[in-house]
Amino acid sequence: MNRRIAALTVFLLAGVLRAEVKTGLDVLKEQNFGPLLGKRVGVLVNHTAQDRDGRPLVDLLMEAPGVTLVAVFTPEHGLTGKMEHGAPVPDSVYPGTEIPVHSLYGETKRPTAEQMKDIDVLVCDLPDIGTRFYTYATSMGYALEETARGGKEFVLLDRPNPLGGMAMEGLVLSSEVRHFTAYFSVPTRHGLTLGELARWHNEKAALNARLLVVPMEGWRRSMLWPQTEMPFLAPSPNIPTPRAALLYSGIGAFESTNVSVGRGTHTPFEVFGAPWMRNITVARTLSRQRLPGLRFKPVTFRPTSDRYKGQVCYGVQIVVTDTRRARPVDLFVHAACALRDSSPKDFKPRWDEMPRVVGTPEWKDWFLSGEKPERLLERARATIDVFRIERLGILLY
Numbered sequence: 000m001n002r003r004i005a006a007l008t009v010f011l012l013a014g015v016l017r018a019e020v021k022t023g024l025d026v027l028k029e030q031n032f033g034p035l036l037g038k039r040v041g042v043l044v045n046h047t048a049q050d051r052d053g054r055p056l057v058d059l060l061m062e063a064p065g066v067t068l069v070a071v072f073t074p075e076h077g078l079t080g081k082m083e084h085g086a087p088v089p090d091s092v093y094p095g096t097e098i099p100v101h102s103l104y105g106e107t108k109r110p111t112a113e114q115m116k117d118i119d120v121l122v123c124d125l126p127d128i129g130t131r132f133y134t135y136a137t138s139m140g141y142a143l144e145e146t147a148r149g150g151k152e153f154v155l156l157d158r159p160n161p162l163g164g165m166a167m168e169g170l171v172l173s174s175e176v177r178h179f180t181a182y183f184s185v186p187t188r189h190g191l192t193l194g195e196l197a198r199w200h201n202e203k204a205a206l207n208a209r210l211l212v213v214p215m216e217g218w219r220r221s222m223l224w225p226q227t228e229m230p231f232l233a234p235s236p237n238i239p240t241p242r243a244a245l246l247y248s249g250i251g252a253f254e255s256t257n258v259s260v261g262r263g264t265h266t267p268f269e270v271f272g273a274p275w276m277r278n279i280t281v282a283r284t285l286s287r288q289r290l291p292g293l294r295f296k297p298v299t300f301r302p303t304s305d306r307y308k309g310q311v312c313y314g315v316q317i318v319v320t321d322t323r324r325a326r327p328v329d330l331f332v333h334a335a336c337a338l339r340d341s342s343p344k345d346f347k348p349r350w351d352e353m354p355r356v357v358g359t360p361e362w363k364d365w366f367l368s369g370e371k372p373e374r375l376l377e378r379a380r381a382t383i384d385v386f387r388i389e390r391l392g393i394l395l396y
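Take a look at the structure:
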């Protein structure tokens, strides 16, 4: 009998621990789109704005009684999410309708007053990958600012942070290097959902926006993407898997250098390399650090696009053995120092860009003076300790 009770207890606990995650869109749908009734609506979306049944938000709103959809806005990579990074996105029309699709990654990166004049409320349903230097979050921030300026409502439908809500890494961004590619004063890996990031920005920038975040149900901060049991829709062409999203938070910083991050391969952000790299030395150096949840192998690869297209790159493959323990931003610091020390004449950071990525203009002096990875990481952890306390008031989960 005791065994049966124990087994039943385990079964019930498993059910609780595997509770269904409902996105903000799913919750809004269950509310019959109440906050939008009787209003003219614009949406900021891409292909990932789907409910649990795979139906696009735009289609749902067009069918919703009492809701008038008048405009669509879309970020980098376009409405389908297939345009390559950095490519301007043209304006268009939503398929099968006359509803305009305004690009926020073309001639303008902000909704204009003209585009917003017939809108009462702007609904944002975008994915985020938990890393500060990802432009979807900035597009959300710009749109939030413009709705505040125009007295419009802003409704954000929250979604999971694929990196979870617990771990944080990297320096908190200095206002001196604020840029479209790095906009919010948060750590590199910030541990916030997009809804929480909107609340943070509204408070810290004193926007006084008419912000409503529709929170998820069933999501917990400890969840990484697999624990949500949701299908992973690639938010952009080179983030095809949750593993790529995790490693992007660190390896993505190499895009401010002359190192390939594996764009143009089947494993973007899971490898990094260059024709000049002493990859065996770098792999051994990283292996000696015994970085939690990660292993390293020297490899060669030939990108079919982007940096070093068609050239053989000597690189390092990153093998994730424990996603919960892995710290990719820490990995970047160790890897950058290894490249600095093993190839001082060949490794070339672009100093107009790298400070934006790592978070401070002081990085250049620290790095070029030969600071060890441990010291650089200590500096980052000090800023995170402050952020960890400051963020408490805006957390939703």
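In terms of numbering that gives the first Met the number 0, the sequence shown opens at residue 0 and continues consecutively. Note that beta-carbon positions come from the ideal geometry of N, C-alpha and C, so glycine has one too. The model shown is predicted, which means the values in this text are computed figures rather than measured ones.
Do the segment 215-231 and the segment 266-282 make contact, defined as three or more Cβ pairs closer than 8 Å?
no
Pick helix, strand or coil for residue 287, following the three-state DSSP scheme.
helix
Segments of 3+ residues assigned as beta strand (DSSP E) that fall wholly inside the segment 152-228:
152-156, 209-213
Give me the residue from 256, 202, 96, 347 with the minimum Cα distance to residue 144.
202
Which term fits residue 21, buried or exposed, when burial requires 16 or more other beta carbons within 10 angstroms of its beta carbon?
When all chains shown are included, residue 21 counts as buried.
What separation, rounded to the nearest whole angstrom, lies between the Cα atoms of residue 255 and residue 62?
Take the alpha-carbon of residue 255 and the one of residue 62: they are about 44 Å apart.
Using only alpha-carbon positions, find the residue among 327, 276, 293 that is nearest to residue 312.
276
Using the C-alpha atoms, what's the distance from residue 96 back to residue 147?
Each residue's Cα considered, the two are about 29 Å apart.
Stretch pair the segment 233-248 + the segment 159-173: three plus CB contacts closer than 8 Å:
yes
Have a look at 216, 195, 221, 178 and flag the residue whose alpha-carbon is nearest the alpha-carbon of residue 163.
Taking only the C-alpha atoms, the option nearest residue 163 is 221.
Whose C-alpha, out of 45, 306, 50, 305, is nearest the C-alpha of residue 127?
45
Tell me residue 39's beta-bridge partners as DSSP assigns them.
67
Apply the 10 Å Cβ neighbour rule to residue 151 and answer buried if 16 or more other Cβ atoms are within range, or exposed otherwise.
Buried: at least 16 other Cβ atoms inside 10 Å.
Bridge partners of residue 317, per DSSP?
Residue 317 is bridged to 295.
Identify the continuous beta strand (DSSP E) that holds residue 101 and give its terminal residues.
99-102
Compare the C-beta of residue 196 with all C-beta atoms of chain D and state if any pair is closer than 8 Å.
In the structure shown, chain D cannot be found, because there is only a single protein chain.
Buried or exposed for residue 244, going by 16 or more other Cβ atoms inside 10 Å?
buried
Return yes when the Cβ of residue 71 is within less than 8 Å of the Cβ of residue 100, no when it is not.
yes
Which first and last residues belong to the alpha helix (DSSP H) in which residue 357 is found?
That run of the alpha helix (DSSP H) goes 353-357.
Have a look at 119, 87, 384 and flag the residue whose alpha-carbon is nearest the alpha-carbon of residue 34.
Looking at the Cα atoms, 119 is the closest of the given residues.
Does DSSP put residue 34 in a helix, a strand or coil?
In the three-state scheme derived from DSSP, where H, G and I count as helix and E and B as strand, residue 34 is classed as helix.
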